[in-house]
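In our numbering, the protein residues as written are 1 to 149.
Just so it is clear, CB atoms sit at the ideal spot from N, CA and C, and this is done for glycine as well.
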């Protein structure tokens, strides 16, 4: 009898597992990202006077972290690069947030900011070269760019 009950329990569990896994798991089967369709960014974030004050820089695209650079010792500049998969049409916000610095405030600038979008064939669909920006930033403040692709 114990074997029959154990076998029944196993079959019941297996049936629940199969039935429960019928649909997509967290929408994973509905994601249809083409790795050729993407947007890339490149920029430099630096201290305006060349002083090594940057401890942690967080770069976000529409609120999602694109890059976080936490230096073991403070640095004077951070090279920023990142990739967003998928078509990135419409309005967007790119933020360069100083999360940790040796003193506050400091003057920082973003230079060489280029955003490139690629089509399904992997060819360049468009390129934005945005103007440099400079600002005195308290800790946890940001230089923001609002743009459309």
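Remark: three or more beta-carbon pairs, one from each stretch, lie closer than 8 Å, so the stretch 42–54 and the stretch 74–85 are flagged as touching.
In the three-state reduction of the DSSP assignment, residue 38 falls in the strand class, which pools E and B. Excluding sequence positions up to five before and after residue 141, its CB lies within less than 8 Å of the CB of 97, 98, 105, 135, all in the same chain and listed in chain order. Counting of Cβ neighbours within 10 angstroms places residue 147 among the exposed residues, the total staying below 16.
Positions of the beta strand (DSSP E) runs, each at least 3 residues long and wholly inside the stretch 81–111, are given as 91–101 in order along the chain. For the pair residue 44 and residue 101, the CB atoms are not nearer than the 7 Å cut-off.
Residue nearest to residue 69 within the set 55, 132, 115, 63 is 55 (criterion: CA-CA distance). Pairing residue 127 with residue 120 gives a Cβ-Cβ distance that is not under 7 Å. Taking residue 59 as the centre and dropping the five residues before and after it, the same chain places the C-beta of 66, 67, 80, 96 closer than 6 Å to its C-beta, in chain order.
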